[in-house]
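Undergrad:
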Amino acid sequence: MIDTPTACARIAEDLLAAAIGEASPTAAQRVEHHVARCGSCRREFDGFRALDGTVAALRREPLPSEQVAHARERLETRLADLRRRLLAYRIFPSALGHILIARSELGIALVEYLDRGTSLQSSRLGREPGVEAVEGGPELETAYRDLLEYLAGRRRRFEWPLDLRLARSDFQRSVLHATSAIPYGAVTSYAGLAQDVGKASASRAVAQALRWNPLPIVIPCHRVIGTSGALTGYAGSKLGLKQRLLSVEGIPTTVGAISPSIRSEAMYVLYPGDREYCVPTCSSLGTRQPAPLTRFASREHAEAAGFMPCTACRPDLHPISQ
Amino acid sequence: MSQGAFDTVVSAHHEEIFRYLRRVIGAGGDAEDLSQETFLRAYRAFGALPLDANVRAWLFSIATNLAKNYYRSETRRRRAYGEVRATMREGAGPAPEAELISRETGALVEEIVQRLPLKQRLAFTQRKIHGLEYDAIGQSLGCSAESARAHVFQALRKIRQGLDGHGRVSEEPPR
Numbered sequence: 001m002i003d004t005p006t007a008c009a010r011i012a013e014d015l016l017a018a019a020i021g022e023a024s025p026t027a028a029q030r031v032e033h034h035v036a037r038c039g040s041c042r043r044e045f046d047g048f049r050a051l052d053g054t055v056a057a058l059r060r061e062p063l064p065s066e067q068v069a070h071a072r073e074r075l076e077t078r079l080a081d082l083r084r085r086l087l088a089y090r091i092f093p094s095a096l097g098h099i100l101i102a103r104s105e106l107g108i109a110l111v112e113y114l115d116r117g118t119s120l121q122s123s124r125l126g127r128e129p130g131v132e133a134v135e136g137g138p139e140l141e142t143a144y145r146d147l148l149e150y151l152a153g154r155r156r157r158f159e160w161p162l163d164l165r166l167a168r169s170d171f172q173r174s175v176l177h178a179t180s181a182i183p184y185g186a187v188t189s190y191a192g193l194a195q196d197v198g199k200a201s202a203s204r205a206v207a208q209a210l211r212w213n214p215l216p217i218v219i220p221c222h223r224v225i226g227t228s229g230a231l232t233g234y235a236g237s238k239l240g241l242k243q244r245l246l247s248v249e250g251i252p253t254t255v256g257a258i259s260p261s262i263r264s265e266a267m268y269v270l271y272p273g274d275r276e277y278c279v280p281t282c283s284s285l286g287t288r289q290p291a292p293l294t295r296f297a298s299r300e301h302a303e304a305a306g307f308m309p310c311t312a313c314r315p316d317l318h319p320i321s322q
Numbered sequence: 323m324s325q326g327a328f329d330t331v332v333s334a335h336h337e338e339i340f341r342y343l344r345r346v347i348g349a350g351g352d353a354e355d356l357s358q359e360t361f362l363r364a365y366r367a368f369g370a371l372p373l374d375a376n377v378r379a380w381l382f383s384i385a386t387n388l389a390k391n392y393y394r395s396e397t398r399r400r401r402a403y404g405e406v407r408a409t410m411r412e413g414a415g416p417a418p419e420a421e422l423i424s425r426e427t428g429a430l431v432e433e434i435v436q437r438l439p440l441k442q443r444l445a446f447t448q449r450k451i452h453g454l455e456y457d458a459i460g461q462s463l464g465c466s467a468e469s470a471r472a473h474v475f476q477a478l479r480k481i482r483q484g485l486d487g488h489g490r491v492s493e494e495p496p497r
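Residue numbers (my numbering), protein chains in the order written: chain C, 1 to 322; chain W, 323 to 497.
#1: Return the CA-CA distance between L151 (chain C) and V255 (chain C), expressed in angstroms with no decimal places.
#2: Go to R43 (chain C), then tell me how far its beta strand (DSSP E) extends in each direction, as first and last residue.
#3: Is V279 (chain C) helix, strand or coil when you go by DSSP?
#4: Is the number of C-beta pairs between the segment 89 to 105 of chain C and the segment 141 to 149 of chain C that are closer than 8 Å three or more?
#5: Determine which residues share a DSSP beta bridge with H335 (chain W) and list them.
#6: At 7 Å on the CB atoms, spell out the chain W contacts of F48 (chain C), in chain order.
#7: R103 (chain C) bridges to which residues according to DSSP?
#8: Shortest alpha-carbon distance to E276 (chain C) belongs to which of C:C310, C:A191, C:L58?
#9: Looking only at DSSP bridge pairs, what is M267 (chain C) linked to?
#10: Look up P309 (chain C) in the DSSP assignment and give the residues it is bridged to.
#11: M410 (chain W) by DSSP, collapsed to three states: which one?
#12: Just how far apart, CA to CA, sit P138 (chain C) and A327 (chain W)?
#13: Give the list of continuous alpha helix (DSSP H) stretches no shorter than 4 residues that lie fully inside the segment 457 to 492 of chain W.
#14: Return the residue from the list C:R263, C:R299, C:A181, C:S122 that minimises the CA-CA distance to I91 (chain C).
#15: Since L306 (chain W) and T386 (chain W) are thought to touch, with beta carbons under 8 Å apart, how far apart are those beta carbons, to the nearest angstrom?
#16: Can you tell me whether DSSP reads L114 (chain C) as helix, strand or coil?
#17: Kindly say whether G136 (chain C), judged by its beta-carbon, lies nearer than 9 Å to any beta-carbon of chain W.
#18: For the alpha helix (DSSP H) holding V248 (chain C), just list the boundary residues, first then last.
#19: How should I219 (chain C) be labelled, buried or exposed, when 16 other C-beta atoms within 10 angstroms of its C-beta is the threshold for buried?
#20: Evaluate E432 (chain W) with the Cβ neighbour count: other Cβ atoms within 10 Å of its Cβ, from every protein chain shown; 16 or more gives buried, anything less gives exposed.
#21: Please determine, among W:H488, W:L430, W:N391, the residue with the shortest C-alpha to C-alpha distance to K441 (chain W).
#22: Would H335 (chain W) and V377 (chain W) be called neighbours here (beta carbons separated by less than 9 Å)?
#23: Counting only beta-carbon atoms, is T232 (chain C) nearer than 9 Å to chain W?
#24: Using 9 Å as the limit for Cβ to Cβ distance, is E432 (chain W) near chain C?
#25: Determine contact between the segment 209 to 219 of chain C and the segment 228 to 235 of chain C, defined as no fewer than three beta-carbon pairs at a distance below 8 Å.
#26: Nearest to G39 (chain C) by alpha carbon, out of C:A28, C:L193, C:G53, C:C8?
#27: Look at I182 (chain C) and T253 (chain C) and say whether their C-beta atoms are less than 9 Å apart.
#28: Could you tell me the distance, in whole angstroms, from the CA atom of L106 (chain C) to the CA atom of W160 (chain C)?
#29: Straight-line CA distance for R173 (chain C) to T179 (chain C)?
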């Protein structure tokens, strides 16, 4: 029996699918039966099959390798340029308000408190010259989790690679490097930091450099205070945040004061260059030149940073009574 | 956004994406520009790409979107058509007669493909030249897998009709 034209129309879709090898086994079988009895559909089937072969040959046609190599080379140049410029960011909620974290291929490049909104527009990232900001992915969540752990007092160090390109000058970078070395649970003064970077009279410039710290919390500029012990300033006018970060690390501060400061009488001290820490009343301190001191919240913090109890005042035997 | 991971993506897929765009845009500098743009866009979004994403299909999707935007300009479309014809001729060297015939048929197929409506051309090229799944093709074209398949089938029918008109109905496929 010859199939009717209706049968041919019904099988047309399967016929094409079968000719190019995309039909299900049942459909292919149906097509096989049909074309065995229908000459015009047989020709149709063969035609599509031949076409499929021609197309397969096109698929194998090689592209001149020098063209590919040339195109690849130009792509690599443009990619390298983009890699230099690109920062991927995410904005996260935190106990300190919304925080933007941005990273490049080199490392975390920006941690920013967003005061005026929760979008890129409220960040300095959009205004940085030579930077292209794109929304980042899960890799930034690790950094965010680490920050939350720090704020909850469960983390003391950040093991992230850092990218300091957003620092404004080599001087600022050197200040940031010196700030990174201040141990957890300790404070030093702007004057002390100025000495550390070899510019003893530049404490004002040091303060300015820290004001634009692109990586607050991570580079702990909150551990830098005035010589008098006053907290002085933080990221513009965020003294409350500074006090909060210090208290996370156990550093005692005056509560309710107009100008908050650390309670230096309740902290252990370290004279510059010493390996031993003292109680603040240690007699050895009085016999030395006045110098910017590093202060520790506790003996444990001082010893975790590698310092020993002073053999004169013996803070191990006579700790400060809190 | 790890550098090594994206380098692997470039090494694995650059040539194929470049070929794809040459086929749908033409061999002039525009195809190269668009293939670069594909990878620059991919790099920007790479960090946010889910770990289990099909990177190859994703790149095709970016390239396809760029091609669609490119063809929004009608004058460009005409210019590119001229370029594709030029590319097809440039590849042909001396060859035995049988190969010459099949090569001519191939060139004819390419010519007909260039005249297909854009979605059919993009779907056909992704499926029949690059072997992508219909799901991925549908995603790149903003339609369902079924519609993507319909575009490919429609393209094949039109190519056959076009070959019929040149008396090349049932040649044996080249082996």
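Glycine included, every Cβ here is placed at the ideal spot set by N, Cα and C.
TA: Taking the coordinates as given:
#1: Going from the Cα of L151 (chain C) to the Cα of V255 (chain C) covers about 19 Å.
#2: Note, R43 (chain C): premise wrong, no beta strand (DSSP E); alpha helix (DSSP H) at 39 to 60.
#3: Coil at V279 (chain C), not helix or strand.
#4: Proximity of the segment 89 to 105 of chain C to the segment 141 to 149 of chain C meets the contact definition, three or more beta-carbon pairs being nearer than 8 Å.
#5: According to DSSP, H335 (chain W) bridges with nothing at all.
#6: Within 7 Å Cβ-Cβ: L478, R482.
#7: Its beta-bridge partners are C:A88, C:I108.
#8: Of the candidates C:C310, C:A191, C:L58, the one whose C-alpha sits nearest the C-alpha of E276 (chain C) is C:C310.
#9: Answer is none; M267 (chain C) lacks a bridge partner.
#10: The partner list for P309 (chain C) (beta bridge, DSSP) reads C:Y277.
#11: Here M410 (chain W) scores only 47 on pLDDT, less than 50, and its place in the model is too uncertain to base an answer on.
#12: Within the model, the alpha-carbon separation for P138 (chain C) versus A327 (chain W) is close to 15 Å.
#13: Restricting attention to alpha helix (DSSP H) runs no shorter than 4 residues, the segment 457 to 492 of chain W encloses them at 467 to 486, ordered along the chain.
#14: Ranking C:R263, C:R299, C:A181, C:S122 by Cα distance to I91 (chain C) puts C:S122 first.
#15: As displayed, chain W neither begins before 323 nor continues past 497, which places residue 306 (chain W) out of reach and without an answer.
#16: Secondary structure at L114 (chain C): strand, using DSSP grouped into helix, strand and coil.
#17: Interface criterion met: the Cβ of G136 (chain C) is under 9 Å from a Cβ in chain W.
#18: First-last of the alpha helix (DSSP H) with V248 (chain C): 239 to 248.
#19: Residue environment: I219 (chain C) is assigned as buried (16 or more neighbouring CB atoms within 10 Å of its CB, all protein chains considered).
#20: When all chains shown are included, E432 (chain W) counts as buried.
#21: Residue W:N391 is the option with its Cα nearest to K441 (chain W).
#22: Taking 9 Å as the Cβ cut-off, H335 (chain W) and V377 (chain W) qualify as a contacting pair.
#23: Residue contact with chain W for T232 (chain C): absent (no Cβ-Cβ distance below 9 Å to any residue of chain W).
#24: With respect to chain C, the C-beta atom of E432 (chain W) has a partner C-beta closer than 9 Å.
#25: Result yes; three or more Cβ-Cβ pairs closer than 8 Å.
#26: Nearest in C-alpha terms to G39 (chain C), of all of C:A28, C:L193, C:G53, C:C8, is C:C8.
#27: Against a cut-off of 9 Å, the Cβ pair of T253 (chain C) and I182 (chain C) comes out as no contact.
#28: Straight-line Cα distance between these residues: approximately 10 Å.
#29: Those two C-alpha atoms are separated by around 10 Å.
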